[in-house]
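If you're matching them up, the sequences are chains A and B in order.
Just so we're aligned: the first sequence equals residues 243 to 767 in this note's numbering.
Just so we're aligned: the second sequence equals residues 446 to 761 in this note's numbering.
Working notes, structure below.
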Amino acid sequence: MFKITQVVRTLIAKSVLVLSLGLFSMGVFAQTADNVLVVGQIAEPKSLDPATVTAVNDFRILMNLYDGLVRYKDGTLEVEPALANSWTISEDGKTYTFELRSDVAFHDGTMVDAEAVKFNFDRMLDENHPYHDTGPFPLSFFFSAIENVEAVDADTVQFTLNAPYAPFLSNLAYPTGLIASPAAIQESGKDFGRNPVGTGAFKFESWKANESVIVTRNDNYWDGTAGTEAVVFRPITDGNTRVAEMLSGGIDMMVEVPPVSLSQFSGSDFSIVEQAGPHVWFLILNAKEGPFSNKLVRQAANYAINKKAIVEDVLEGTAAIAAGPTPPAFAWAYNDELEPYPYDPEKAKALLKEAGVSDAKLTFYVTQGGSGMLDPVAMGTAIQADLAAVGFDVEIQTYEWNTFLGEVNPGLEGKADMAEMAWMTNDPDTLPYLALRTDAWPDKGGFNSGYYSNPMVDELLEAARSSVDQAERARLYREMQEIVQDDAPWVFVANWKQNAVTSNRVKNFSLQPSFLLLLKDVSKQ
Amino acid sequence: MLRYIVRRLISMIPVFIGITAIVFLIMSLIPGDPATAILGSYATPENVANLNAKLGLDKPLVQRYLIWLGNLAQGDFGRSFSLNRPVLDEILERFNATLVLSGTAYLLCSFFGILAGLISAARQYEISDKLITFTVLIGISVPSFFLGMMLIVFFTVQLRWLPASGMFAIYGGGDFVDLLRHLIMPAFALSFVATGVIARLSRSTMLEVLRLEYIRTARAKGVKEFRVITRHAFRSAIVTILPVLGLQAGFVLSGSVYIEIVFQWPGIGRMLVDAILTRDILLVQGGVVFVAFCYVFFNLAVDVLQLWLDPRITRR
Chain A
243 MFKITQVVRT LIAKSVLVLS LGLFSMGVFA QTADNVLVVG QIAEPKSLDP
293 ATVTAVNDFR ILMNLYDGLV RYKDGTLEVE PALANSWTIS EDGKTYTFEL
343 RSDVAFHDGT MVDAEAVKFN FDRMLDENHP YHDTGPFPLS FFFSAIENVE
393 AVDADTVQFT LNAPYAPFLS NLAYPTGLIA SPAAIQESGK DFGRNPVGTG
443 AFKFESWKAN ESVIVTRNDN YWDGTAGTEA VVFRPITDGN TRVAEMLSGG
493 IDMMVEVPPV SLSQFSGSDF SIVEQAGPHV WFLILNAKEG PFSNKLVRQA
543 ANYAINKKAI VEDVLEGTAA IAAGPTPPAF AWAYNDELEP YPYDPEKAKA
593 LLKEAGVSDA KLTFYVTQGG SGMLDPVAMG TAIQADLAAV GFDVEIQTYE
643 WNTFLGEVNP GLEGKADMAE MAWMTNDPDT LPYLALRTDA WPDKGGFNSG
693 YYSNPMVDEL LEAARSSVDQ AERARLYREM QEIVQDDAPW VFVANWKQNA
743 VTSNRVKNFS LQPSFLLLLK DVSKQ
Chain B
446 MLRYIVRRLI SMIPVFIGIT AIVFLIMSLI PGDPATAILG SYATPENVAN
496 LNAKLGLDKP LVQRYLIWLG NLAQGDFGRS FSLNRPVLDE ILERFNATLV
546 LSGTAYLLCS FFGILAGLIS AARQYEISDK LITFTVLIGI SVPSFFLGMM
596 LIVFFTVQLR WLPASGMFAI YGGGDFVDLL RHLIMPAFAL SFVATGVIAR
646 LSRSTMLEVL RLEYIRTARA KGVKEFRVIT RHAFRSAIVT ILPVLGLQAG
696 FVLSGSVYIE IVFQWPGIGR MLVDAILTRD ILLVQGGVVF VAFCYVFFNL
746 AVDVLQLWLD PRITRR
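This is the structure:
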């Protein structure tokens, strides 16, 4: 017999030996370096140009590279000074004047002045601006109320709005309002998003496609230097791989832990951080036609769905039950007297009987996943079962996210009776203004895909938007929530609690209700 | 030989144009558009129309195709909407990584596939044959991404021997050993299925050849069995195996999409999936065309190699 296997056997044995010596015996699994924080992100960033991006995933990096004129106060959604020391608002709510800090420099050494601020907003809003072609700027409508930006003197910048617009300050604190270095934009042009220059606690170091974005400490930061020398953002798209990296010490922190994996981090080696945010997960009901054109049927759907089971069993406690259209994270505008619709199938059946509806057939749009959608397929199936229990015959149609938005945003008329949806916003104005007003029906360019209409709500929302008195705004929003909850244009389901896991080497970390990731004060031992 | 190559190269032109047309059509026909993907929840019909116009997507289909094809012919792949950088930069950066992973996996599956086929043919129905056939069956049946996840659970989470993801360590890495540590699991997972396919085919081809009369003659002449297998039988079998190796290159390349996602390998497969989800039309088209070009050229190389190995094939 020939000896081929003998030779092969020796060969394999030898190579395995060599490999094991060379690779495995490199000793202990490499831990992440001291004083460098490695963050497991959910995806590769699209760009690091704050004016051009829309994803929370990108915002997480941006907030550490840049500052805005204002920012959210730690742990709240209220606005406090950042690059602007102070500001005044005119009586009519149309002129905002900001006094800038005079001693702040961008990472490239140029100074932050009124002209730099003007440059940033003109680039986004003025189609004739020489650097408008560095866009597109998909969220520029956040600032569509701006008529004119004027550099009064080096440290004073004045915004003139075309109408009073109360969410303006809050929008300035949003990542779209972050201030970038004009000199760097002029130098890099369209490639600025890959060579970002801001004023933040960290400055950009490198970006390797699909591997890492590295930022290093800005030793001249105006608000105290950061607790770590550098932060590495690693995109790890697959949730299971992200969990494996966290368990094995390859990363120090991960965001958006899959609910089913949370229990793996219960030991003392890790800590789990949770924070409710301005998120609401709901079902849009088609109020224009079909069974849901009747308010009683819409209320019946709210009673029929077991939100507690969805939040605790499907989402493993990573969300709370939603009571109305405004999430509790907007503490100042939230109506805490509202109680969520209780789970009461009998009441639902009674309402359906009163409405004279039986064996209603419903078409239900479900998405496979998308921004803020949590676990949409499992949630959709649970909802289908709950509705079936009170006598609805629900047919689910599932779409990939992009296609789903293309179906839902133009309106449900003639296609479906209900659809899943979720929003994360920065101001209590945004969601109801864009999705509950009569003037926000899809044919008028809004997101009111279920055609809800109540003149009272329209009036309250317009009034709240143009008032500059926060207490007055709060009163109007609370009243709006009460009416909307009773009208039930949506089934209010859940408010997501964002989570993160850190290794026990990471200190001083907390999540923000804005869903933004602030890493300046985090340290690592 | 040269004439053959030139003729093959000319016949590729319609193939390439066909590829571009198909890729372009598919991307135009699937629902959703880049503006909706970029705007997310904020995609009102009005915002979508504005942004699509800015991206130049409001032009008629044929016009867009011809513009793209013309630019492509000049080596201009366009600019990615979602990454805001030239498509070609991104592709080249990513393709290196894919080449390292798929290349390694391809060498592994070719070598071990043929070796396993040879051994089990030479030892038909013996223990080693049964062992190999059994392993091969598992290889063909286990999805590569599942195998990848199991490897991570065992070697990263349990044993802590190997890193779960990426191509290099973020700090202090970058040398060859570091690359090898990151490469070993994804390359193994990626090559496992293809190894099975190649092993099966090699075994059956070898068995056929071993039954031929010239093999019997060689044995009768007293040629040593090792020499019979490696010189006489294998040289004849390789001509049948080679085209399958060419096809497997396509299999390994497409399989790398899953593996790149599981192991977060910074390759072109991962890029394509992201690009499809964000409807980044130019990036998808550029990426697919680039990969298709590589595949077509690789198969040409395999055919030429086969021609050179097997003088029986007439040079048409």
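Each residue gets a CB set at the ideal place from its N, CA and C atoms; glycine is no exception.
All of these numbers come straight from a predicted model, not from anything done at the bench.
Return the chain-ordered list of same chain residues with a C-beta closer than 7 Å to the C-beta of residue i, the five sequence neighbours on each side being excluded.
i	result
residue 271 of chain A	Note that residue 271 of chain A has pLDDT 45, beneath the 50 cutoff, so the model's placement of it is unreliable and the number below is only indicative. Closer than 7 Å at the Cβ level, and outside the excluded window around residue 271 of chain A, lie 490, 491.
residue 330 of chain A	339
residue 475 of chain A	281, 283, 303, 454, 455
residue 592 of chain B	634, 637
residue 394 of chain A	356, 400
residue 366 of chain A	293, 379, 382, 385
List, in order along the chain, the chain B residues whose C-beta lies closer than 9 Å to that of residue i?
i	result
residue 436 of chain A	528, 529, 530
residue 289 of chain A	527, 528, 529, 530
Can you list, in chain order, the residues of its chain with a C-beta nearer than 6 Å to that of residue i? Leave out the 5 residues immediately preceding and following it.
i	result
residue 481 of chain A	500
residue 761 of chain B	Its pLDDT being 48, under 50, residue 761 of chain B is placed unreliably in this model, and the value from its coordinates should be taken loosely. For residue 761 of chain B, where only same-chain residues beyond five positions count, there are no Cβ hits under 6 Å.
residue 695 of chain A	680
residue 495 of chain B	none
residue 723 of chain B	482, 527
Closer than 8 Å by beta-carbon distance: list the chain A residues that pair up with residue i, in chain order.
i	result
residue 499 of chain B	377, 378
residue 602 of chain B	486, 489, 490
residue 811 of chain B	Since the first residue shown for chain B is 446 and the last is 761, residue 811 of chain B is missing from the structure and cannot be characterised.
Can you tell me where the beta strand (DSSP E) with residue i in it begins and where it stops?
i	result
residue 523 of chain A	521–527
residue 395 of chain A	388–395
residue 473 of chain A	472–477
residue 280 of chain A	278–283
residue 635 of chain A	635–641
residue 353 of chain A	Unbroken run through residue 353 of chain A: none, as it is neither H nor E.
residue 313 of chain A	312–314
residue 402 of chain A	398–403
residue 652 of chain B	From DSSP, residue 652 of chain B is part of no beta strand (DSSP E) but of the alpha helix (DSSP H) over 621–655.
Counting C-beta neighbours from all protein chains within 10 Å, is the total for residue i 16 or more, i.e. buried, or is it exposed?
i	result
residue 775 of chain A	Here chain A comprises residues numbered 243 to 767, so residue 775 of chain A is not present and cannot be evaluated.
residue 757 of chain B	exposed
residue 312 of chain A	buried
residue 423 of chain A	buried
residue 321 of chain A	buried
residue 427 of chain A	buried
residue 262 of chain A	Caution applies to residue 262 of chain A, whose pLDDT of 48 falls short of 50 and renders its modelled position unreliable; the model cannot decide the point.
residue 493 of chain A	buried
residue 674 of chain B	buried
Mind listing the chain B neighbours of residue i? Cutoff is C-beta to C-beta under 7 Å, in chain order.
i	result
residue 487 of chain A	609, 610
residue 433 of chain A	530
residue 689 of chain A	489
residue 386 of chain A	Simply none; closest approach about 11 Å.
residue 721 of chain A	Chain B residues near residue 721 of chain A: none, gap ~25 Å exceeds 7 Å.
Would you say residue i touches the ligand SAH, meaning its beta carbon is less than 8 Å from a heavy atom?
i	result
residue 539 of chain A	For the structure depicted, the ligand SAH is absent and the ligand set is empty, with no information on it obtainable.
Terminal residues of the continuous alpha helix (DSSP H) containing residue i?
i	result
residue 493 of chain B	490–499
residue 473 of chain B	447–474
residue 539 of chain B	532–567
residue 705 of chain B	679–707
residue 580 of chain B	572–586
residue 742 of chain B	726–754
residue 723 of chain A	712–729
residue 708 of chain A	697–708
residue 479 of chain B	479–484
Would you mind telling me which residues of chain A sit closer than 7 Å to residue i, beta carbon to beta carbon, in chain order?
i	result
residue 663 of chain B	Those within 7 Å of residue 663 of chain B in chain A number zero; the least Cβ separation is about 13 Å.
Strictly below 8 Å CB to CB, what residues from chain B border residue i?
i	result
residue 296 of chain A	483, 484, 485, 487
Ignore the nearest five residues each way along the sequence and tell me which others in residue i's own chain have a CB closer than 8 Å to its CB.
i	result
residue 697 of chain B	547, 550, 551, 554, 635, 636, 639
*With 8 Å as the limit, tell me which residues of the segment 442–460 of chain A have their beta carbon closer than that to any beta carbon of chain B; keep them in chain order.*
450, 451, 452, 453, 454, 456
_Proximal residues, the segment 478–504 of chain A versus chain B, C-beta separation under 8 Å_ = 478, 479, 480, 482, 483, 486, 487, 489, 490, 491, 492
*Could you run through the segment 405–422 of chain A and flag, in chain order, every residue whose CB is less than 8 Å away from some CB of chain B?*
Hits within the stretch: zero.
*Closer than 7 Å, Cβ to any Cβ of chain B: which residues of the segment 642–653 of chain A, in chain order?*
644, 645, 647, 648, 651, 652
*Which residues, in chain order, does the segment 709–742 of chain B contribute to contact with chain A at a C-beta distance below 9 Å?*
709, 710, 711, 712, 715, 716, 718, 719, 722, 723, 724
_chain A contacts from the segment 542–554 of chain B (Cβ-Cβ distance under 9 Å)_ = 542
_For the segment 662–690 of chain A, list every residue whose C-beta sits within 7 Å of some C-beta in chain B, in sequence order._
665, 684, 687, 688, 689
*Residues from the segment 574–596 of chain B in contact with chain A, defined by Cβ distance under 7 Å*: Within the segment 574–596 of chain B, the residues whose Cβ lies closer than 7 Å to some Cβ of chain A are 594, listed in chain order.
*Members of the segment 629–657 of chain B near chain A, C-beta cut-off 8 Å*: 629
*Check distances from the C-beta atoms of the segment 676–707 of chain B to those of chain A and list, in chain order, the residues that come in under 9 Å.*
705, 706, 707
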